[in-house]
Structure formats: structure tokens, C-alpha cells
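Notes to accompany the following structure.
2 protein chains.
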Amino acid sequence: MPVKLNAPVAGELLPVPGVLLGTAEAGIKRTSRKDLLVVTLDEGATVAGVFTLNRFCAAPVTVAKAHLASGKPVRALVVNTGNANAGTGEQGVAAARATCEALATLLACAPEQVLPYSTGVIMEQLPADKIVAGLPQAVSGLKADNWFDAAHAIMTTDIVAKAVSRRVAIAGKTVTVTGMAKGSGMIHPNMATMLGYIATDAAIPQPMLQEMVKAAADASFNCITVDGDTSTNDALMLIATGKSGAAVGPAERAAMQAAISEVAIHLAQGIVRDGEGATKFMTIRVEGGRDSAECKQIAYAVAHSPLVKTAFFASDPNLGRILAAIGYAGVADLDVQRLRLYLDDVLVAENGGRAASYREEDGQRVMKQEDITVRVALGRGDASATVWTCDFSYDYVKINASYRS
Amino acid sequence: MPVKLNAPVAGELLPVPGVLLGTAEAGIKRTSRKDLLVVTLDEGATVAGVFTLNRFCAAPVTVAKAHLASGKPVRALVVNTGNANAGTGEQGVAAARATCEALATLLACAPEQVLPYSTGVIMEQLPADKIVAGLPQAVSGLKADNWFDAAHAIMTTDIVAKAVSRRVAIAGKTVTVTGMAKGSGMIHPNMATMLGYIATDAAIPQPMLQEMVKAAADASFNCITVDGDTSTNDALMLIATGKSGAAVGPAERAAMQAAISEVAIHLAQGIVRDGEGATKFMTIRVEGGRDSAECKQIAYAVAHSPLVKTAFFASDPNLGRILAAIGYAGVADLDVQRLRLYLDDVLVAENGGRAASYREEDGQRVMKQEDITVRVALGRGDASATVWTCDFSYDYVKINASYRS
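Each protein sequence line maps, in turn, to chains U and Z. Read in order, the letters of the first sequence are residues 208 to 612 in my numbering. Read in order, the letters of the second sequence are residues 208 to 612 in my numbering.
Right, dumping it as C-alpha cells:
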């Protein structure tokens, strides 16, 4: 079950002027569930995105990147679940293009103005005909106040939809930022996560928007892991419609970035809290490093260790497993004598071993919580990094051994 | 349950002249089980070893390396289970030294001639007093024909003991090679595995022996993974007693290395077949790479992927997960169009997607086997690498969430 993750409330998700959303039941993998989403953007919107670095990146990733690179203004996004259209070769690229062409015809724009996204099973051909047949239903239902429905339409093994809104004052105007994301397994984003969409009605020029989406991804989706598997389909898109009339320049940039990153962090943590089989949410903070790269390397070693993750599932303060993971993280000159390990406020280890003050019952108390912070102080510099992850339970195995997701 | 792993038969494990073994019930963690092993070596034996690269290496690893470096001839090894003596600081080093001193007194040798090894829970102090109290029992039971008992005394979460013997003709004489190992979880050796001991009655000079143990480890223990966790206590020791009278020089080296590596591979594969919760044994072979490093990188990405491992547990040919793992392995210029993926003899993927000839029932047939080879042909060079691993089952979670191992 998701760890302290509240489902979004329909009325609390704020429409973003200039963005319409419509969903459909296209029957891509299963019937009677929404599995198709169309998002349209008014003229004048800017769009930026970051995509997976997986070499087996999906056909829609290839096509979306090419369409973005065409320089033509983006008018629509089309997202399907139930099939990732990854590992599908040339036929997969043709299917992604066919989807864009069909939507472009309905919207009277060029195919290059449509960006496609897919999520679901890998190495099965995308049933483009079903998507094309479902597009009119999605288009006829387009409306601004539809993020709640949209966030549900992009779910796969997610239990809870991930979506959130924020308001921020920019250039004397109130600007809205609304975002949604999906993801629960195959989560170890490298540039971005499975699928995330954030829109604002601020006006942000494209080059700045690209820098802002990268910064937001680095502060959020690039800090999470469920199982260490980097997806073939990761994409985070940032849309700025400009409808609020608030123009973001150098003076407004920091406030705008903060609002966007806050939404991105909320969504990214939501993915971990809804991680496949998760019962615990862990924050792995490594500080006192020489640079943030080595801090992140150690944080990910801890976050990926199946032994650490099963100990958290069991609420067992078997914390030597954390020391082992720190030790094999690959920082060759790490001096374990200077290292301190904390579980929330409890000092667990120092001077190369268990702290004299540590008592098993203190570790046990923290391990029983649903939210736990593992803090590693390296004592060799001023850099730090934080990674969010979840535990490893029977249900992770069950979910991934039972369904073909 | 172990995957096609036969328990060693007592009568088939050949004594190695010059090596005596004795066990005891020291009650280190649990009572009424053998948890202490003493191995003594006749004068003239050479010893070489490789150890974990984990920065939190255990106190006995530190002490064993120092004692080896002293240059004094090794006369005995002492191994305990139930406690890893890792993450135990200076107190742990003192406990390891106390164990060596007690055994040295019993054997009338110097403490530096004794090498200590521990395996079990991390970050709990070693009860050296219990070990010291158990040593006389182990010493009084020393005998040559005792490898079967010894292999059982070093087990932790192992279900089946791992031990094997080989005979090889060297310099006109028949030479014996007998080895044993333990390990089931926290298995992703980096230089060696949990604990492995191989002895031969060939005469091998120390510098050559060190090269041979490194070569054997690289061909065996450094090619396996159960959960990607590199232990704090990994050690592989190679002992040459010389009692056969067969001297290994340049002419005999290849045959001797082959016999040693064969024993090492048998033991390493045994650890994977007895991997925690294992139901499948997978050989991940990556060929056609530019160098063996990139082949191994891809093989380990596949072997470590929880999504791949749970799919094998389910016998579900959800093989797109393998493509995803290959894609995120970190080979930045990998051309997925040239790559071919085989499951045993079945061509699964080519040209960036599913092979036209691939049929689900063929994949299903192979997936149902207990032994499966995943072969990845990269098509960009002549290098190759092989990694052995097991699947990821409910029982892996159960074992690591239920016991403090």
C-alpha cells in the first residue's frame, strides 16, 4: 500500500489556462479503463522536456525528441498506457508517428506539433489502430478542469494517482503550476522519470524553460529509486502557456523555479510512496562528502541494496547492512573511522563500528515508522545529496511476478 | 530451494595431504550447530588469498591481510559463522587477534601464522570468548578426511554445503585439488566471495599462487551475483601443501590453473544455485563487445535487475525487461539495432525489437527450465563475459526480512 500518500482531490487540482485535457477508453491492454490521454496547448505555449538515457529508449521518446527538435510550436501531447512501444524497432516508430498524424488531423495541425508518450509492457507492438480509434473520444472531452481524470488515465501499476497544484506570485500576477506523474516500478530515473507533466500559465522562453525542467528533474525525479531499473520511457515535460500574462525574466526566475521544483519533488516522492509493494518511505541523506557525485553514489548504493530494503520491510534494525552498502559503493579512499550513521536522530555507528551510545530499542523505534531518514555523515567535505526510496516487500515480487507490466 | 545443486558426498571429497580440519560447536549465535572450523597446514605450505574491496571490510579481513603480509609461513586458519565481526571498530580487531593468539598457543606457533575469517551478522561484537573456548574441541578433532564436516561448519543461510574435489596430473604425479565455499546472500563478490578455501598438494611458489588465486577468482567468484550486495567479509584462499611432490613451474602452470579454476567455478556456481530463495539458475553471457569490461557491465545490469529476476521467478517471458536493463547498463554508444538477444537457442530480439521469428511459446518453454542461458550478442567486437545469477523470489524477501543474518 502507498506510504502516507494521499490521493489528489479533484477540486484541488487547478486548471492551467491554455491547457486542455481529454481521456478515453481505447482498450489498449484491458477494456473498461481510461488508457488514453490527449493534452492540447493554446498557441504561444512553450514546451521543454528531459528524456530517459536508456539506449533502448522507446519509439515515442525518439519521435517526441525529433518533433521537439523540429522547432515547430507544440500543440498537443498524446499519452497511452498498457504498452510502452519500446523494443519495437522501426515498426514501433511508425506506430508512434501514425498516432501523431491521426491526432494532428483531428486538431488541424502538423504531425510534428504532436508529442507521443507510452508506458506499459516492453517489446510488444503498439496497437496504433486502437489509439487512433480512441482519439476522437479524447478530443471531444477536452477541457481545462480535467487534471484529476488525466492523472488517472496515465496510471499502470500505480495505486494512487500523483498530481498537485501550486500558486506563486510572479511579476505581480498569480501564476498556477499543476503537475501530474505516473510510475511505481522500473523506477531509477536517469534524466527524468517514467512520465511527468508540469504546466504553468507563466510565460517562459524556451531556452530558459529547458534549463528549468532540467533543474527540476535533478532536484526531484533524478533523486528517486524504487528498484534501480531505469525505464525505457522516462520523460518529464514542462509546459508554459503564458496565459497569466506573467513573464518570467531573470528577476522572476528563482521564484518560478522553486514553484516548479516543489511540484516536481511532490510528484517524485509520490512515485516512491506508491512504489511497487512499498510499506516504508526512506530518505537517504549523505553529507560531508568531497562532492555531490560521491554522496549520491553512496546514497544510491544504500537505496538499491536488496538487503537494506528487506531489513526496512521487516522493521529490523539490522543496520550493519547499511554499513556494508556504504563500504561497497565504490568510494575507494573512504575512511570508515570518520563516518557517522544516523537513523533519524539516533546515532548508530561511528569510529568504524556501532556507537557506544546506540541501543537496539532506539533503532527499533525508528524502524517501525513509515517515514525514516538514513543520514550518513562522511566527514571529508561539505557536499551532500539526498535520495528517496522505498522498502522491498513480498508484494514487490508478487506484483512483478504476477502481472506482465 | 537450491537449483540443481547436489550436496557433496562425504566419501567423494578427497583429503589434501598436509591439510587437517576440525570443527566445534562454539555456540556463537545458536547452540547445537557446528559454527567453528580450524584448518592446520603442514610446514612448507604456501598460501595466497584475495579479499573483499568493501571499505567496511571486516576485522578478520584486516587481520588476515596483515598476517599474510608478515611473511611468516601460515600454519592455521580459523573460521567462525554466526558473526561477521564487521563494523566492529578497534574492539573487533582485538577480538580477531585474540582468536589468533588463542589458536597459536594451542598449536605452538606465532599469532601471525594464524589467519582469521568470520561470517554472519554485521555490526555486532564477536564473542571471542566463545570461540576461544571452542578451539580445543576443534583442534582435538583435526583430521585430513574432514572436508565434508568443514563445509557444513561454515554455512550460514546456505541450504546445501558447497565442496568439490578434482584430480589432475602434474609433473608426472597425481595432484588433488579440494575446495569448499559458503555463501547464499550478500553475494556480489568483488575480488572474491564470502568464504572460499581451495587446497592442493601440489608445490606452488607463493608469487605464482597469488596470481593463480586471482585468476581463479576472476573466472569464478567474480562472475556471480545473488543480490548485488558485496560482502564485508569476502575471502578466497588458495593453499598449496606440496605434499604430492609435484612442483608447478611454467610448464605445469596451465594445467594446474585449469584444475583450480574448475574447482572455483564449481563452488561459485554452487553459491548461486543455493542463492537465497533461488528457483532458477541463469547464465548471462554477453559477447561481441569491444572489451570484456563493457560485456560484464551489461551482464551485471541484467543479472541485478529486480524486474528481470522476478520475471524469471514467474517463468514469464517478459523479455523486454532484459532489453531495458541492457539499455541502461551505461554503454553510451550501444547501437541497439545491431544487438541480438537469445534465450538458450531462441532468438528473441534483433533490429531494435522483437525478432520476427520469435514465438511466445518458445520463450515460455525456455523460461520454465531451471537452468537458462541469456545470450546477448552486441555485434561490435570480439570480447565476451559471463555472469551467473539466480532469480528473485518471495523466499529471498522472507529470508532477509525474517532472520537477522
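Yeah, the Cβ is synthetic: ideal placement off N, Cα and C, and Gly gets one too. These numbers come from a predicted model, not from an experiment.
Per DSSP, the beta bridge partners of residue 597 of chain U are U:488. Using a CB distance cut-off of 8 Å, residue 541 of chain Z counts as an interface residue toward chain U. Here the C-alpha atom of residue 379 of chain U lies approximately 17 Å from the C-alpha atom of residue 447 of chain U. Remark: C-beta atoms of residue 436 of chain U and residue 514 of chain Z approach each other more closely than 8 Å. Within the region 354–379 of chain U, the runs of alpha helix (DSSP H) that reach at least 4 residues and sit entirely inside it are, in chain order, 354–360. For residue 329 of chain Z, the secondary structure class from DSSP, reduced to helix, strand or coil, is coil. A Cβ-Cβ contact shorter than 8 Å links residue 295 of chain U with residue 332 of chain U. Inter-residue distance for residue 369 of chain Z and residue 557 of chain U is about 36 Å (C-alpha atoms, whole angstroms). With a threshold of 8 Å between beta carbons, residue 363 of chain Z makes no contact with chain U. If the five residues before and after residue 375 of chain U are omitted, its C-beta is found closer than 8 Å to the C-beta atoms of 381, 382, 384, 462, 463, 465, 466, all from its own chain and listed in chain order. At a cut-off of 8 Å between beta carbons, residue 439 of chain U contacts chain Z. Under the three-state reduction of DSSP, residue 219 of chain Z is assigned to helix. The region 553–587 of chain U contains, as complete alpha helix (DSSP H) runs of 4+ residues, the segments 567–574 (chain order). Counting along the chain, the unbroken alpha helix (DSSP H) around residue 519 of chain Z starts and ends at 513–520. U:283 is the residue among U:561, U:283, U:356 whose C-alpha sits nearest the C-alpha of residue 311 of chain U. In the three-state reduction of the DSSP assignment, residue 263 of chain U falls in the coil class, being assigned neither a helical nor a strand state.
Taking 7 Å as the Cβ-Cβ cut-off, the region 560–572 of chain U approaches chain Z at 560, 561, given in chain order. If you check each beta-carbon in the region 284–316 of chain U against every beta-carbon of chain Z, the ones closer than 8 Å belong to 291, 293, 294, 295, 296, 297, 298, 299. Taking a C-beta cut-off of 7 Å against chain U, the contacting residues of the region 321–351 of chain Z are 328, 329, 330, listed in chain order. The C-beta of residue 350 of chain U has fewer than 16 other C-beta atoms within 10 Å across all chains shown, which makes the residue exposed.
Shown here for residue 547 of chain U: same chain residues with a beta carbon closer than 6 Å to its own, the five before and five after excluded, namely 557, 584 in chain order. At least one CB atom of chain Z sits nearer than 8 Å to the CB of residue 263 of chain U. One alpha carbon belongs to residue 581 of chain U, the other to residue 487 of chain U, and they sit about 12 Å apart. Beta-bridge partners of residue 444 of chain Z (DSSP): Z:256, Z:404. The Cβ neighbour count for residue 476 of chain U, taken over all protein chains shown within 10 Å, is at least 16; the residue is labelled buried.
Contact annotation: residue 481 of chain Z and residue 365 of chain Z have beta-carbon atoms nearer than 8 Å. In the structure shown, the three-state DSSP call for residue 211 of chain Z is coil. Excluding the 5 residues flanking it on each side, residue 269 of chain U has same chain C-beta neighbours closer than 7 Å at 300, in chain order. In the three-state scheme derived from DSSP, where H, G and I count as helix and E and B as strand, residue 315 of chain U is classed as coil. Remark: fewer than three beta-carbon pairs, one from each stretch, lie closer than 8 Å, so the region 530–546 of chain Z and the region 338–353 of chain U are not flagged as touching. Between the alpha carbons of residue 388 of chain Z and residue 264 of chain U lies a gap of roughly 41 Å. Using a CB distance cut-off of 8 Å, residue 258 of chain U does not count as an interface residue toward chain Z. Take the alpha-carbon of residue 358 of chain U and the one of residue 257 of chain U: they are about 19 Å apart. The beta carbon of residue 234 of chain U is closer than 8 Å to those of 242, 337, 341 in its chain, skipping five residues each way along the sequence. With respect to the 8 Å criterion, residue 595 of chain U and residue 329 of chain U are not classified as neighbours on the basis of their beta carbons. For residue 608 of chain Z, a Cβ of chain U is located within less than 8 Å of the residue's own Cβ.
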